[in-house]
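Colleague:
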Amino acid sequence: METPFDVASALLPYIPVSARRLLDCACGDGSLSRLIKARTDVTVAGLAHDTEAAGAAETILDQVFPVNLECGELPDIKGPFDCIVCAGLIARLRDPKPFLTWLALRLSPDGLLLVTAPNLQHFSAVMMIAEGRWTHGGCAALDRRNLRFFTAYELLRLLRETGFDPRKCLAWHIAPEEDWPLDAEGYYRSGRIALGPLNDEEYKAFRCEEYLVLATRAKQ
């Protein structure tokens with residue numbers, strides 16, 4: 001049985017200890033904020049996308065702003081923030097550009113954006129499409145809540161178009177090699193489909209379920 005992916009714990013090492021003001025764009029029950037506040041003195045504001053989450057997060061966060069981003073609702077939050085965390089959110093927006101542009105204006109000149117997005121190039125999605133099927137589940141890209149789909153290239157392009165300068169793109173949630181083994185010729189084979197030969201970087205991209213990008217605000 002696969003161990004559930006602990007998003008908050010996985011994100012924590014990438015958040016600068018020096019950050020004193022942070023915006024959590026998908027604060028949920030406040031689990032990430034709880035870890036951050038246990039580590040260092042920081043003021044955390046969060047965007048809550050449902051009433052239940054807002055109630056839970058209010059006990060941990062310094063400020064909680066209920067929002068409905070699908071309706072284009074952008075709260076009046078003043079910046080700048082030393083760090084903005086946007087985990088798994090942009091794939092659930094019909095048009096993430098206005099929201100990301102809004103975030104860029106609230107990131108300090110030397111601040112850091114952490115954004116995650118599911119990878120449509122993951123083996124699960126590619127093999128399913130190659131067989132002419134499309135069902136939800138199997139990887140993060142096939143979550144039924146997703147409205148937008150990304151590869152690493154498209155994710156980086158989106159960030160550049162909305163005022164950010166991507167510094168690192170990491171295969172943040174990646175399947176082990178034994179889940180998608182290559183044969184001696186460097187191919188992944190399933191039924192009638194043979195994908196390859198794959199070099200190390202290509203193989204890593206196909207096993208990557210989600211990307212984590214670290215970005216700064218683009219210089220004007």
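At position 38 of the sequence shown (counting the first as 1) the number is 38 in this note's numbering, and the numbers step up by one without a gap. We put the beta carbon where it would ideally sit given N, CA and C, even for glycine. Everything numeric in this text was worked out from a predicted model, so none of it was measured.
1) Am I right that LEU47 and LEU32 are in contact with their C-beta atoms under 8 angstroms? What's the rounded C-beta distance?
2) Once the 5 residues before and after GLU185 are set aside, which same chain residues still bring their CB inside 8 angstroms of it?
3) Within this structure, are the beta carbons of LEU214 and LEU89 separated by less than 8 angstroms?
4) Could you give the residue range of the beta strand (DSSP E) that holds TRP172?
5) Quick check: the stretch 73 to 85 against the stretch 14 to 25, are there 3 or more CB pairs under 8 angstroms?
6) Taking all protein chains shown into account, decide if ARG144 is buried (16 or more other Cβ within 10 angstroms of its Cβ) or exposed.
7) Is ILE15 helix, strand or coil by DSSP?
8) Near ARG92, what residues of its chain come up, given a Cβ to Cβ distance below 7 angstroms and the 5 sequence neighbours on each side ignored?
9) Going by beta carbon distance, what residues of the same chain come within less than 7 angstroms of ASP183, once the five residues before and after it are set aside?
10) I'd like the ranges of any beta strand (DSSP E) spanning at least 3 consecutive residues and lying wholly in the stretch 82 to 130.
11) Return helix, strand or coil for ALA218, following the three-state DSSP convention.
12) Looking only at its own chain, which residues have a Cβ that is under 7 angstroms from the Cβ of ALA8, when we skip the five neighbours before and after it?
13) Helix, strand or coil: which one does DSSP assign to GLU210?
14) Give me, in chain order, the residues of the same chain whose beta-carbon lies closer than 8 angstroms to that of TRP172; leave out the 5 immediate sequence neighbours on both sides.
15) I'd like to confirm the pairing. Which residues does DSSP put opposite THR151 in its beta bridges?
Modeller: Looking at the coordinates:
1) Translated into the one-based positions of the sequence shown, residue 47 becomes position 47. Translated into the one-based positions of the sequence shown, residue 32 becomes position 32. Not a contact, Cβ separation roughly 12 angstroms.
2) As a working mapping, residue 185 is identified with position 185 in the sequence shown. Once the five neighbours on either side are set aside, the close Cβ partners of GLU185 are GLY196, PRO197.
3) On the sequence shown, position 214 is the one that residue 214 refers to. On the sequence shown, position 89 is the one that residue 89 refers to. Going by C-beta atoms, LEU214 is not nearer than 8 angstroms to LEU89.
4) Here residue 172 corresponds to residue number 172 of the sequence shown, with the count starting at 1. Note, TRP172: beta strand (DSSP E), 164 to 174.
5) yes
6) In the sequence shown, the residue the question calls residue 144 occupies position 144. Exposed, since its Cβ has fewer than 16 Cβ neighbours within 10 Å.
7) Within the sequence shown, numbered from 1, the residue matching residue 15 stands at position 15. Correct three-state label for ILE15: coil.
8) Within the sequence shown, residue 92 is the residue found at index 92, counting from 1. If we look at ARG92 and ignore the five residues flanking it on each side, its Cβ neighbours are ARG145, ASN146, LEU147.
9) Here residue 183 refers to the residue found at position 183 when the sequence shown is read from its first residue. The answer, listed in chain order, is ARG189.
10) 107 to 118
11) Start at 1 with the first residue of the sequence shown, and residue 218 comes out as number 218. Correct three-state label for ALA218: coil.
12) Mapped onto the sequence shown, residue 8 falls at position 8. Answer for ALA8: SER31, LEU32, LEU35, listed in chain order.
13) Within the sequence shown, numbered from 1, the residue matching residue 210 stands at position 210. The answer is strand: DSSP assigns GLU210 an E or B state.
14) The residue given as residue 172 occupies position 172 in the sequence shown. Correct list, in chain order: ALA10, THR116, CYS208, GLU210, TYR211, LEU212.
15) Position 151 of the sequence shown, counted from the first residue, corresponds to residue 151. Answer by DSSP bridge pairing: none, since THR151 is not bridged.
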